[in-house]
Amino acid sequence: MSDSRTLEDISPYLVLGQADDGGQPIVETARALHDLIVTFSPQGHYSVRTVDDECGPAIHCAFERKADADRLAAAVGAIEVARYEHYRSERAFYLDEKTNRTIRRTLERRRSMAAN
Numbered sequence: 003m004s005d006s007r008t009l010e011d012i013s014p015y016l017v018l019g020q021a022d023d024g025g026q027p028i029v030e031t032a033r034a035l036h037d038l039i040v041t042f043s044p045q046g047h048y049s050v051r052t053v054d055d056e057c058g059p060a061i062h063c064a065f066e067r068k069a070d071a072d073r074l075a076a077a078v079g080a081i082e083v084a085r086y087e088h089y090r091s092e093r094a095f096y097l098d099e100k101t102n103r104t105i106r107r108t109l110e111r112r113r114s115m116a117a118n
């Protein structure tokens, strides 16, 4: 029996947060993004990791399911960009102080809704 799935079939959907080189450390933002994703009750596997890519520090949020990536992209205002090889889609947003505040406010709001 052969597995007919292709790399495209199993490639994740990427939501990328790009910071500038002079920005604050992004580990705290990565943790907040992870916590925000948890509040969406994702239906598939996902990962959140910090990287230093050619454009500087970034957070890569990779999702097995498009709907999970869509939820995060909508929450952070990510837009479609040319995708990295091996991703089914890529959306990106800029990590600045305003976006960090939005992430934290959205997380607080979703947590308080879940508590009620």
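Sequential numbering of the sequence shown, starting at 3, is according to my numbering.
Ideal Cβ positions, reconstructed from N, Cα and C, are used throughout, including at glycine.
- Using a C-beta cut-off of 8 angstroms, the stretch 13-20 makes contact with the stretch 76-91, since at least three inter-stretch Cβ pairs fall below that distance.
- For residue 17, the enclosing beta strand (DSSP E) stretches over residues 15-20.
- In this structure, the straight-line span from the alpha carbon of residue 32 to that of residue 50 is close to 7 angstroms.
- When the beta-carbon positions are compared, residue 63 and residue 39 come within less than 9 angstroms of each other.
- Distances from the CA of residue 34 to each of 47, 116, 118 and 108 were compared; the closest alpha carbon is that of 108.
- Distances from the CA of residue 112 to each of 97, 58, 37 and 22 were compared; the closest alpha carbon is that of 37.
- Across the structure, residue 102 and residue 80 are spaced so that their CA atoms are roughly 13 angstroms apart.
- Selection 20, 104 and 118 evaluated against residue 55 yields 20 as nearest (Cα-Cα).
- Residue state for residue 98 is assigned as coil, using DSSP reduced to three classes.
- C-alpha of residue 105 to C-alpha of residue 77: approximately 8 angstroms in a straight line.
- Around the Cβ of residue 22, a 10 Å sphere holds fewer than 16 other Cβ atoms; the residue is exposed.
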